[in-house]
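Q: A single structure is presented below for examination.
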Amino acid sequence: MEKHLNLTLHVWRQKNAQAEGAFAEYPARHISTEMSFLEMLDVVNEELIRKGEDPIAFDHDCREGICGTCGCVVKGRPHGPKERTTSCQLHMRSFEDGDHITIEPWRAEAFPVIKDLIVDRGAFDRIIAAGGFITAPTGTPQDANALPVPKQNADLAMDAAACIGCGACVAACPNASAMLFVSAKVSQLGLLPQGQPERYTRVRDMVARMDAEGFGSCTNHGECEAVCPKGITMENIARMNRDFIKASLLYRPEVAAGGAG
Amino acid sequence: MELNSRIPEGPIEKKWDKHRFDMKLVNPSNRRKYKVIVVGSGLAGAAAAASLGELGYEVSCFCYQDSPRRAHSIAAQGGINAAKNYRNDGDSIFRLFYDTVKGGDFRAREANVYRLAQVSVDIIDQCVAQGVPFAREYGGLLDNRSFGGAQVSRTFYARGQTGQQLLLGAYQALQRQVGLGQVKMFPRHEMQELIVVDGVARGIVTRDMVTGRIETHVADAVCLATGGYGNTMYLATYAKGCNGTAIWRAYKKGAAFGNPCYTQIHPTCIPVTGDHQSKLTLMSESLRNDGRIWVPKKKEDCGKPAAQIPEEDRDYYLERKYPSFGNLAPRDISSRAAKQVCDEGRGVGGTGLGVYLDFSDAIRRLGAKKIEEKYGNLFEMYERITDENPYEVPMRIFPATHYTMGGLWVDYNLMSTIPGLFVLGEANFSDHGANRLGASALMQGLADGYFVAPYTVANYLASTKPGSRLPIDHPAAKEAEAVAAQKVGRLLGVGGKETPTHFHRELGKVMWEFCGMGRNEAGLKKALGLIPQIREEFWRNVRIPGSGEELNQSLELAGRVADFLEIGELMCLDALERRESCGGHFREEWQTPDGEALRDDENFAHVAAWEYQGEGSTPVRHIEPLKFEYVHLATRSYK
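Protein chains in written order, with my numbering: chain X, 82 to 342; chain F, 120 to 758.
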């Protein structure tokens, strides 16, 4: 049943990447429990705009938990208190009347703050560009059913592919490691027959890029899995580590292939 | 304005193959001398940018999101159609073509639809090769499900996240090209103006959403793949950022706008809860494979819990009215039927604007485990939003704006009335007629991006001289930059009292009431009076804090709302002038005695393409007649 809450927000405000940030306090009054967390922020922002103040900048787009755009640390937990739920699908019924709610951006060296709660996650795109794909240029490949994929592998690949690239795993990790994100893609593609030819170069290239971007190492805290809104498991990290070791052992410098013509 | 659809000669099944041979090619070593701009990174944009990059062209791709992976194609749940006939249930390219033309209520161009059905087959092969984890059966082969408007099982899916997986496949192909330096990606950039010189598209002006910098980008061809304009309605299943700005700017530079009134209202969305509502969430059409839609037969039962309403007092109205398609009747028909029962006072939920989608029969038949396997993530999402468990109580759903079949007019090559400007995916008007069938949007986006544009854009480029790009400081570019900067200045300068969202909401109410599921002359005329008033009030009283030289989300929104306030007017004008009912366009004056859409093929078997005439002038309505040589015009029946 719908109820109404009066809340106090403590929001990280930071004008831009160069500026120093600080917490600011805002009241949020008469908030319906039917609202989503972002709709609550909309209400606060509407008031700020009417007062001529700068509204709180936060990233969001689909508001149905799939695009991965939104994300802030709510009460110390990435995406807030509800398990397997993105900030946009978190509803105000998860809070109590009179609550104080701190709201912060993802904090990681590899995710510099752009403004307030908005960070730059371009590092994730660069990791994918380094190897998070199967080379299959547009054309007419063989028939989709020519290569059967065991259902279990297809299902495991789909489990890993469900990652939305929001970055909560990085924000939750004490080392700001991106291992859960990277391993999800490595697993998905490595589990499928189409991904085999590049399986070991992929993992090497992606890990190298991940390190270069300034993400930390994994020390098995498990915070990433706990906050992942899509339930990506650490099993993927284990799978990536296995592939990475094998890739390192198998590594041979590329032999220049002459193009006789 | 001349509307030449450039449909190739010959029998329909040979047109595309013949055309592919007839089109000009660009020599591989010349390709790097050409530059193509792609605006938008959804299925159509990412697929086009990746494919053109692979071919060797220099590509710049722009998106307003922080990453190309976030485009709203990602939210498509149910699936993608393809005429593979893996089920051996009688599917074929011709049947998919037939279903799509009929599903679109005979308001789409036959040749385009046939090509779409043809390449649908290649799309699945392409996506599987990329590693898209489609659902599979125990034998390892691909699984299928059924979608509305079809009597075969031709929909491929990846759980309830098909759009996500297809988009990530295209995104990964795009990122591969980014890594190779073939594509330059510009995230957090929004297109503000199209640069046109001597009637030809030569580039775009963008605003960097982080720094506010307004910059010119020139190219040999421009592709817009910026999606639909359904957010004109305010509440919609679109992402919050989806907007019509790019296509509207192009329209104002001379691109004709095709069928702006064709809007899809999707029957299965989570109902509105209150004024705070910022968007609506779709529940996939695939749920109608196993869910049964009903309302109480008696008004007085509407307040009771569903479980207390006995079977004989339930009206499974889709099964009753459309026995052969039942709960899988097409979207326009299902939405209208839901509106009718709610108008009769038989809607459920607090607002009375809802109908039940009930899984209890399917759970009894198949077990909760099987249902969870098929729809688990959708059920979870429903519970997160509504706090109700759909395994125990029926879902409540209501129609919501979901897609726009209208868009910029394009010829068979997907080129608009401005040479050099191509329009792909939902942003164009081309393939769905007056109603899109489920699982066809993903198909069209990828068809345009992977398999059509790479050929037709090349054909266009081959007719231009390499190295003839506009200098970046050309007067036309400077002028377009000035127009973009002026708009920013004008918005910031209003200094009123109300937020951009306020005006967006006001516009949405007018659009939903008068240009939504039911439209009539009086209502549309009323809307055409109200919208200019809201627009005037917007330009007098909008308030945008901050400056243009920083990340400013209020400014971004205000710019989009300013365009919605004009797009809405054109939608209403088009709806007023189309004096018939067809597909999603239901004019209450034209209906059969049992409330079905009544087409007027004599007078309206055509595309309406609107030409801009300058501010304050009524645009001109041009006509492209539609010929139906392969699917004969007939009253659409799903009974």
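All C-beta atoms, glycine included, are put in the ideal place defined by N, C-alpha and C. In this text the structure is predicted, and so the values were computed from the model without any measurement.
1. Can you pull the chain X residues whose beta carbon is under 8 Å from the beta carbon of F/GLN383, in chain order?
2. Terminal residues of the continuous beta strand (DSSP E) containing X/ALA368?
3. Could you spell out where the beta strand (DSSP E) holding F/TRP367 opens and where it closes?
4. Below 8 Å, can you find three or more Cβ-Cβ pairs linking the segment 223-233 of chain F to the segment 696-709 of chain F?
5. Check whether the Cβ of F/LEU670 lies closer than 8 Å to any Cβ atom in chain B.
6. I need the straight-line Cα distance from F/THR413 to F/LYS758, nearest angstrom please.
7. Taking any Cβ of chain F, which residues in the segment 89-101 of chain X have a Cβ under 7 Å from it, in chain order?
8. Round the Cβ separation of F/ASP719 and F/LEU752 to the nearest angstrom and send it over; I've been treating them as touching at under 8 Å.
9. Less than 8 Å between CB atoms is the rule here; does F/VAL329 satisfy it with respect to chain X?
10. Which ranges would you report for the alpha helix (DSSP H) in the segment 456-515 of chain F if only whole runs of at least 4 residues count?
11. Roughly how many whole angstroms lie between the Cα atoms of F/PRO619 and F/ARG662?
12. Tell me where the beta strand (DSSP E) around F/HIS741 begins and ends.
13. Is it the case that the Cβ atoms of X/TYR281 and X/ALA328 are separated by a distance below 8 Å?
14. Is the segment 280-292 of chain F close to the segment 194-214 of chain F, with three or more CB pairs under 8 Å?
15. According to DSSP, is F/LYS154 helix, strand or coil?
16. Identify each residue in the segment 229-249 of chain F for which the Cβ-Cβ distance to at least one residue of chain X is less than 7 Å, and report them in chain order.
17. Going by C-alpha distance, which of X/LEU228, X/ASP292, X/GLN223 is nearest F/GLY259?
18. Compare the C-beta of F/PRO147 against all C-beta atoms of chain X and say whether one is closer than 8 Å.
19. I think F/ALA728 touches F/LEU144, with their Cβ atoms under 8 Å apart; what is that distance to the nearest whole Å?
20. Mapping DSSP to helix, strand and coil, what is F/ASP713?
21. Taking the alpha carbon of F/GLY544 as the point to measure from, which residue in F/ALA572, F/TRP658, F/ARG465 has its own alpha carbon closest?
22. Could you tell me if F/ASP682 is buried or exposed, where buried requires 16 or more neighbouring beta carbons within 10 angstroms of its beta carbon?
23. Thinking C-alpha only, which one of F/ARG307, F/SER170, F/THR382 is nearest F/GLN301?
24. Does DSSP classify F/MET310 as helix, strand or coil?
25. Going by CA-CA distance only, name the one from F/ALA369, F/GLY164, F/GLU715, F/ASP409 that's closest to F/LEU485.
26. Take X/ASN322 as the anchor and find which of X/SER298, X/CYS305, X/MET116 has the nearest alpha-carbon.
27. Tell me, please, whether the CB atom of F/ASP506 is closer than 8 Å to any CB atom in chain X?
28. Could one say the Cβ of X/HIS160 lies closer than 8 Å to chain F's Cβ atoms, at least one of them?
29. Restricting to runs no shorter than 3 residues, where is the beta strand (DSSP E) found entirely within the segment 521-550 of chain F?
30. X/HIS91 by DSSP, collapsed to three states: which one?
31. Taking buried to mean at least 16 other C-beta atoms within 10 Å of its own C-beta, is F/ASP713 buried or exposed?
32. In its own chain, which residues sit with a C-beta less than 6 Å from the C-beta of F/CYS691, not counting the 5 before and 5 after it?
33. Which ranges does the alpha helix (DSSP H) cover as unbroken runs of at least 4 residues, wholly within the segment 218-267 of chain X, from first to last along the chain?
34. With DSSP run on the structure shown, which of helix, strand or coil describes F/GLN383?
35. Examine the Cβ distances between the segment 243-262 of chain F and the segment 443-458 of chain F and report whether three or more of them are shorter than 8 Å.
36. Closer than 7 Å: is that where the CB of F/GLY331 sits relative to any heavy atom of the ligand MN?
A: With the structure as the only source:
1. Within the second sequence, numbered from 1, the residue matching residue 383 of chain F stands at position 264. The premise fails here: F/GLN383 is roughly 17 Å from chain X at the closest Cβ pair, so nothing lies under 8 Å.
2. Nothing about residue 368 of chain X can be reported from this structure: the residues present for chain X run from 82 to 342 only.
3. Position 248 of the second sequence holds residue 367 of chain F. First-last for F/TRP367: 364-371, but that is the alpha helix (DSSP H), not the beta strand (DSSP E).
4. yes
5. Chain labels in this structure do not include chain B; the protein chains are X and F.
6. Along the second sequence, one-based indexing puts residue 413 of chain F at 294. Along the second sequence, one-based indexing puts residue 758 of chain F at 639. The sequence as given places Trp at residue 413 of chain F; Thr does not occur at that position. Between F/TRP413 and F/LYS758, the C-alpha separation is close to 17 Å.
7. ASN97
8. Within the second sequence, residue 719 of chain F is the residue found at index 600, counting from 1. Within the second sequence, residue 752 of chain F is the residue found at index 633, counting from 1. The pair is not a contact, with the Cβ atoms about 11 Å apart (cut-off 8 Å).
9. Within the second sequence, the letter at position 210 stands for residue 329 of chain F. Taking Cβ atoms only, chain X reaches closer than 8 Å to F/VAL329, which makes this a yes.
10. 479-485, 487-505
11. Looking up residue 619 of chain F in the second sequence gives position 500. Looking up residue 662 of chain F in the second sequence gives position 543. Going by the C-alpha atoms only, they are around 7 Å apart.
12. What you label residue 741 of chain F is simply residue 622 of the second sequence in a count that begins at 1. Its beta strand (DSSP E) spans residues 739-744.
13. Counting from 1 along the first sequence, the entry for residue 281 of chain X is found at position 200. Counting from 1 along the first sequence, the entry for residue 328 of chain X is found at position 247. Closer than 8 Å, so yes.
14. yes
15. Translated into positions along the second sequence, residue 154 of chain F becomes position 35. Here F/LYS154 sits in strand by DSSP.
16. ASP241, ILE243, ASP244, GLN245, VAL247, ALA248, GLN249
17. Within the second sequence, numbered from 1, the residue matching residue 259 of chain F stands at position 140. Of the listed residues, the one whose Cα sits closest to F/GLY259 is X/LEU228.
18. Taking the first residue of the second sequence as 1, we reach residue 147 of chain F at position 28. Taking Cβ atoms only, chain X never reaches closer than 8 Å to F/PRO147, which makes this a no.
19. Here residue 728 of chain F corresponds to residue number 609 of the second sequence, with the count starting at 1. Here residue 144 of chain F corresponds to residue number 25 of the second sequence, with the count starting at 1. In fact, because the Cβ distance is near 30 Å, the residues do not count as touching under 8 Å.
20. Mapped onto the second sequence, residue 713 of chain F falls at position 594. Coil at F/ASP713, not helix or strand.
21. The residue given as residue 544 of chain F occupies position 425 in the second sequence. That would be F/ALA572, whose Cα lies nearest to the Cα of F/GLY544.
22. The sequence position of residue 682 of chain F within the second sequence is 563, counting from 1. Buried, because 16 or more other Cβ atoms sit within 10 Å of the Cβ of F/ASP682.
23. Taking the second sequence and counting its residues from 1, the one referred to as residue 301 of chain F is at position 182. The shortest Cα separation from F/GLN301 among F/ARG307, F/SER170, F/THR382 belongs to F/SER170.
24. Residue numbering aside, residue 310 of chain F sits at position 191 when the second sequence is read from its first letter. If DSSP states are grouped into helix, strand and coil, F/MET310 belongs with the strands.
25. As a working note, residue 485 of chain F is residue 366 in the second sequence. Nearest of F/ALA369, F/GLY164, F/GLU715, F/ASP409 to F/LEU485, Cα basis: F/ASP409.
26. Stepping through the first sequence from its first residue, residue 322 of chain X is reached at position 241. Per the Cα distances, X/SER298.
27. On the second sequence, residue 506 of chain F is found 387 positions in, with the first residue counted as 1. It does: the Cβ of F/ASP506 has a partner Cβ on chain X nearer than 8 Å.
28. For this step, residue 160 of chain X is matched to residue 79 along the first sequence. For X/HIS160, the answer is no, since every Cβ of chain F falls outside 8 Å of its Cβ.
29. 540-542
30. Mapped onto the first sequence, residue 91 of chain X falls at position 10. If DSSP states are grouped into helix, strand and coil, X/HIS91 belongs with the strands.
31. Along the second sequence, one-based indexing puts residue 713 of chain F at 594. It is exposed - the Cβ of F/ASP713 has fewer than 16 other Cβ atoms within 10 Å.
32. Position 572 of the second sequence holds residue 691 of chain F. Cβ neighbours of F/CYS691 beyond the five flanking positions: CYS634, LEU643, ALA646, LEU647.
33. 232-242, 249-253
34. The residue given as residue 383 of chain F occupies position 264 in the second sequence. If DSSP states are grouped into helix, strand and coil, F/GLN383 belongs with the strands.
35. no
36. As presented, the structure is devoid of all ligands, the ligand MN included, so that no description of it is given.
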